[in-house]
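Have a look at the structure below, then the notes.
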Amino acid sequence: MSGSPDTETQTAPQRAVGVAIQNLTAARLGRGFVPLGVLFLWGVAGLVGGGAAPEAWTFVFGAVGAGGAGLAYGLRNVQLTFGNPRRPWMAVARVGGVIPPALGLYLFAWTGLRVVAMWTSAGAGMGGVASSLLGMWVLRNWWKLLEIESLAQHMTRDLELVGGGR
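In this text, residue positions in the sequence shown follow numbering that gives the first Met the number 0: the first is 0, and each later residue adds one.
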């Protein structure tokens, strides 16, 4: 189920909470990869069509970095929910957790709202609107992942309080 070394010592409620958090995290990460995939393709199209523009490289590497950071952060949350001990990589995943919201804010504010405010042409304005929407999508998915982490912490804490703890 979880690959946890102490699966046999967990109670049924603990396993149920772990599986529920695992499923919620997987579903949210799956939805979160959609805007990152769109951003990646947008960056690749910019590299192929317009040369090596810095913004296109930012889109490509930002999408890959945010996807990897989000995956590591979600895995960390699931592992802790199942009661696995903290590992060194979990600290890196926690710190790397700033990558997705930073990318979302960059897309929303810098490449989105700033371009819309300047609106030099219809194409640039539409690109700014699209970038703002992608940025909001990335931020919303990250916020939902944080809500799942909070839910997991509350549920495991409640299990410990009622005597079903580790």
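Don't be surprised by glycine CBs; every beta carbon is placed ideally from N, CA and C.
Starting from residue i, trace the alpha helix (DSSP H) both ways and give me its first and last residue.
i: residue 118; result: Segment: none, residue 118 is in no alpha helix (DSSP H) and carries neither H nor E.
i: residue 94; result: 87-95
i: residue 103; result: 98-104
Is the beta carbon of residue j closer than 8 Å to that of residue i?
i: residue 37; j: residue 102; result: no
i: residue 31; j: residue 144; result: yes
i: residue 63; j: residue 99; result: no
i: residue 68; j: residue 96; result: yes
What does a CB cutoff of less than 8 Å around residue i pick up in its chain, not counting 5 residues either side in sequence?
i: residue 45; result: 52, 54, 55 and 58
i: residue 114; result: 123, 124, 126, 127 and 130
i: residue 92; result: 68, 71, 72, 74 and 75
With a threshold of 7 Å on Cβ separation, who are the neighbours of residue i within its own chain once the five nearest residues in sequence on each side are excluded?
i: residue 158; result: 12, 13, 16 and 164
i: residue 27; result: 140, 143, 144 and 147
i: residue 66; result: 32 and 35
Using a 10 Å radius around the Cβ and a threshold of 16 neighbouring Cβ atoms, would you call residue i buried or exposed?
i: residue 146; result: exposed
i: residue 39; result: buried
i: residue 76; result: buried
Exercise. Only counting runs of 4 or more residues, tell me where the alpha helix (DSSP H) segments fall wholly within the region 27-94, in order along the chain.
Key: Within the region 27-94, the complete alpha helix (DSSP H) runs of at least 4 residues are 53-80.
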